[in-house]
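Read the structure below first, then the notes.
Numbering (my numbering), first residue to last: 6 to 180.
This is the structure in structure tokens:
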């Protein structure tokens, strides 16, 4: 089986050599042939990264059977982003292994962990949706959205012009 290795560091002051060596050791110990090493030097909060984009493109061409990375936070910082990536690979029949955290979607227990993470993500999305709907309902009830339930009184600047019989919008160039 062919494996794609993914490493990421956040700054050029760091070195991804240790990650790559660990992934190569894992691949060799588990009889994976290393297809290619994809390495990014960019923040994990960025969902679009050059090497990750290339990895995703190559995965769609099914150039390897499994993706191996050292830690989940190397692949991404957002749970939703991680789940989207893993779900795409699962649909393509590509396994995902995270060596330091014991996640392997190529094994039944790894798929269980993946499923639990997916359920947590779905639960989180549902909570966010419910909070948003509740917030919009509350805002509407207090008159912050839609029609103003308590129209403002016309005072100050507007009233001064009204009592003088002048318009606050008159053209001052023709005086």
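Backbone N, C-alpha and C fix where the C-beta goes; we use that ideal spot for every residue, glycine too.
_Cβ contact (3+ pairs, closer than 8 Å) linking the stretch 70 to 90 and the stretch 105 to 116_ = Yes: the two stretches touch, three or more of their Cβ pairs being nearer than 8 Å.
*Note down, in chain order, each residue of its chain lying with its Cβ closer than 7 Å to the Cβ of residue 176, except the 5 sequence neighbours on either side.*
Note that residue 176 scores 47 on pLDDT, short of 50, meaning its location in the model is unreliable; the coordinates nonetheless yield the value given after this. Here the set comprises nothing.
*asked:* Just to check my reading of the structure: residue 8 and residue 111 have Cβ atoms closer than 8 Å, yes? What is that Cβ distance to the nearest angstrom?
replied: With 8 Å as the limit, residue 8 and residue 111 do not qualify as a contact, their Cβ atoms being about 11 Å apart.
_Opening and closing residue of the alpha helix (DSSP H) in which residue 96 lies_ = Run containing residue 96: 84 to 97, per the alpha helix (DSSP H) assignment.
*Determine the burial state of residue 33: buried for a count of at least 16 other Cβ atoms within 10 Å of its Cβ, exposed for fewer.*
exposed
*Would you say residue 80 and residue 117 are within 9 Å of each other, going by their C-beta atoms?*
no
*To the nearest whole angstrom, what separates the beta carbons of residue 46 and residue 10, a pair I think is in contact under 8 Å?*
Actually they are not in contact, since the Cβ atoms of residue 46 and residue 10 sit about 15 Å apart, beyond 8 Å.
*Looking only at its own chain, which residues have a Cβ that is under 6 Å from the Cβ of residue 24, when we skip the five neighbours before and after it?*
12 and 75
_Reduced DSSP secondary structure (H/G/I, E/B, other) of residue 142_ = helix
*Identify, in the order they occur along the chain, each residue of the same chain with its Cβ nearer than 7 Å to the Cβ of residue 87, setting aside the five sequence neighbours on each side.*
77, 80 and 81
_Span separating the alpha-carbon of residue 184 from that of residue 39_ = What the structure shows of the chain is the stretch from 6 to 180, and residue 184 is not part of that stretch, so it cannot be assessed.
*Got a sec? Which residues, its chain only, sit under 6 Å from residue 101 by beta carbon, not counting five neighbours each side?*
72, 91, 94 and 110
*Span of the alpha helix (DSSP H) around residue 12*: Run containing residue 12: none in the alpha helix (DSSP H); it sits in the beta strand (DSSP E), 7 to 14.
*asked:* Which residue marks the beginning of the alpha helix (DSSP H) containing residue 62, and which one marks its end?
replied: Residues 55 to 65.
*Which word fits residue 60, buried or exposed, when buried means at least 16 other C-beta atoms lie within 10 angstroms of its C-beta?*
buried
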